[in-house]
Amino acid sequence: MVCGFPDIPLDILKSVAVYKGVEQSSPLVTWFWDTLEAFQPVERSLFLRFVWGRTRLPRNIADFRGRDFVIQVLDKYQPPDEFLPESYTCFFLLKMPRYSSKQILEEKLRYAINFCKSIDTDDYARITRGDGEDSDLDLGSQ
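The letter at position 127 of the sequence shown is residue 140 when you use our numbering, and the numbering goes up by one with no holes.
Below, the structure written as structure tokens:
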């Protein structure tokens, strides 16, 4: 039996998020959450796989067992718009450049979640399509 929400409730993810190198109220953080809000459920699962190596969130905050989702913004990426975000799945950590626009953040994040899959080389974390079939989805063709 697989536990967790098949769709990703962002309110739970936001409640365990901590921010390093950026204020929660900054435009970059707002763009990030707006981008995740606009993602389809399968894209949210791909995002979770990218940052945590899982495709579902626990059912409630207590099940996180003190684990925070860390969003870290670093200024080492120069020029920032030419770099992809990085993730550290063992630490539930997303490192992002200080992107200049929401459009660039969305483009880079979508690319990363669709094409940066080295953590999942054994296909352990699979996505279930709406027809019930398991698949390693390529969202570029949608």
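C-beta: ideal position from N, C-alpha, C; glycine also.
Same chain, Cβ closer than 7 Å to residue i, five either side skipped, listed in chain order
i: Ala125; result: Phe63, Leu97 and Pro98
i: Leu49; result: Leu23, Arg57 and Phe60
i: Ile117; result: Asp94
Distance CB(residue i)-CB(residue j) smaller than 7 Å
i: Arg156; j: Ile21; result: Given that the chain is displayed from residue 14 to residue 155, the structure contains no residue 156 and the question cannot be resolved.
i: Ile84; j: Leu107; result: yes
Among the options, the one whose alpha carbon lies nearest that of residue i
i: Lys89; options: Phe104, Thr48, Pro54 and Pro110; result: Pro110
i: Asn127; options: Gln53, Pro93, Lys115 and Asp81; result: Gln53
i: Gly79; options: Cys129, Ser28 and Leu23; result: Ser28
i: Leu41; options: Ser114, Lys121 and Leu70; result: Ser114
Where residue i sits in the DSSP three-state scheme
i: Pro40; result: helix
i: Val31; result: strand
i: Arg112; result: Contrary to the premise, residue 112 reads as Tyr rather than Arg in this sequence. Residue state, collapsed to three classes: coil.
i: Asp133; result: In this prediction, Asp133 scores a pLDDT of 47, lower than 50, which makes its location untrustworthy; the coordinate-derived value is nonetheless stated afterwards. Helix, per DSSP.
i: Phe82; result: strand
Contact set for residue i: own chain, Cβ-Cβ below 6 Å, skip 5 residues either direction
i: Trp65; result: Thr102 and Phe105
i: Ser38; result: none
Supposed contact pair residue j and residue i - C-beta distance, whole angstroms, cut 8 Å
i: Leu26; j: Phe82; result: 6 Å
i: Pro93; j: Tyr112; result: 6 Å
i: Val35; j: Val86; result: 4 Å
Residues near residue i by beta carbon distance below 8 Å, same chain, minus five either side
i: Glu119; result: Trp44, Thr48 and Ala51
i: Lys33; result: Val83, Ile84, Gln85 and Val86
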